[in-house]
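Q: Take this structure, written in structure tokens, and hold onto it; I'll ask about it next.
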Amino acid sequence: MRAMRWLAAACVAATMAGCAALQSPETKGQRLIGGDAAAVQAQFGPPRESYPLDGGTRWLYPTQPYGQFTYAADFDAGGKLIAFKQVLRSLEFAQARVDVWTRDDVLHHFGKPVETAYFSRMDRLVWSYRFKADDVWPSLMHFYFDPAGVLRLTQITPDPLYDPERPRVFHR
1470 MRAMRWLAAA CVAATMAGCA ALQSPETKGQ RLIGGDAAAV QAQFGPPRES
1520 YPLDGGTRWL YPTQPYGQFT YAADFDAGGK LIAFKQVLRS LEFAQARVDV
1570 WTRDDVLHHF GKPVETAYFS RMDRLVWSYR FKADDVWPSL MHFYFDPAGV
1620 LRLTQITPDP LYDPERPRVF HR
């Protein structure tokens, strides 16, 4: 009987450990809200990017160039974590204000782009970010900036990396 109880307890512990391991980075980060930078760094390591944000700081943990997620840890002026979220999402991109935001606004909100391009006929610099449109469709979000660095246009396109018709190395 004791062996059965021990086995049942071990199974429950293993199941719970498995569930904890399957938590998304966003869920893990949100559990740290109210904690300090050391707690975030212990969970996720040092940030790959760091920017000033409304009297505080934003740390970014991107998965680019091939990943579709960037996790943002927002800290207040006192160093407390106030938000942790995945920022390469349709609702986050919708916050970008055409004719208002600048390259710095886009950089501080979403991090470094996966690629940049310049279209000379339009005289526009374009920054692109890989993401899942509506949390489903592999897509690219493009931000078009004028020569002064002001956001003039946004565009979502399918991500050619996930196009089944696209030739690939070692693809049959």
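Residue numbers (my numbering): 1470 to 1641. Glycine residues also receive a C-beta, built at the ideal position from the N, C-alpha and C atoms.
1. Taking Cβ positions, are histidine 1458 and valine 1556 nearer each other than 8 Å?
2. Which runs of the alpha helix (DSSP H) fall wholly inside the stretch 1555 to 1600 and span at least 4 residues, in chain order?
3. Kindly indicate which residue of Trp1596, Pro1627, Tyr1587 and Val1619 has the alpha-carbon position closest to the one of alanine 1602.
4. Just checking my contact of alanine 1586 with valine 1575 at CB under 8 Å: how many whole Å lie between their CB atoms?
5. Under a three-way DSSP split, which group does threonine 1532 fall into?
6. Do leucine 1522 and aspartate 1543 have their beta-carbon atoms positioned less than 8 Å apart in this structure?
7. Please state the DSSP three-state secondary structure of leucine 1501.
8. Tell me, please, which residues DSSP counts as bridged to tyrosine 1613.
9. Could you spell out where the beta strand (DSSP E) holding phenylalanine 1544 opens and where it closes?
10. In this structure, does DSSP put glutamate 1518 in helix, strand or coil?
11. Using C-beta distances below 6 Å, list every residue in its chain close to tyrosine 1631, excluding the 5 sequence neighbours before and after it, in chain order.
12. Shorter than 8 Å from the beta carbon of histidine 1611 to some beta carbon of chain B?
13. How is proline 1494 classed by DSSP in three states: helix, strand or coil?
A: Result, derived from the coordinates:
1. Nothing in the structure corresponds to residue 1458, since the chain is present only between 1470 and 1641.
2. You should have 1559 to 1562 and 1572 to 1579.
3. Answer by Cα proximity: Pro1627.
4. With 8 Å as the limit, alanine 1586 and valine 1575 do not qualify as a contact, their Cβ atoms being about 15 Å apart.
5. Reduced to three states, the DSSP call for threonine 1532 is coil.
6. In terms of Cβ geometry, aspartate 1543 and leucine 1522 form a close pair [threshold 8 Å].
7. Residue state for leucine 1501 is assigned as coil, using DSSP reduced to three classes.
8. Note: tyrosine 1613 sits in a beta bridge opposite Val1595 and Leu1622.
9. For phenylalanine 1544, the enclosing beta strand (DSSP E) covers residues 1539 to 1544.
10. Secondary structure at glutamate 1518: strand, using DSSP grouped into helix, strand and coil.
11. Taking C-beta separations shorter than 6 Å and ignoring five residues to either side along the sequence, the partners of tyrosine 1631 in its chain run Pro1607, following chain order.
12. No chain B appears in this structure, which consists of one protein chain only.
13. Of the three classes helix, strand and coil, the one that applies to proline 1494 here is helix, per DSSP.
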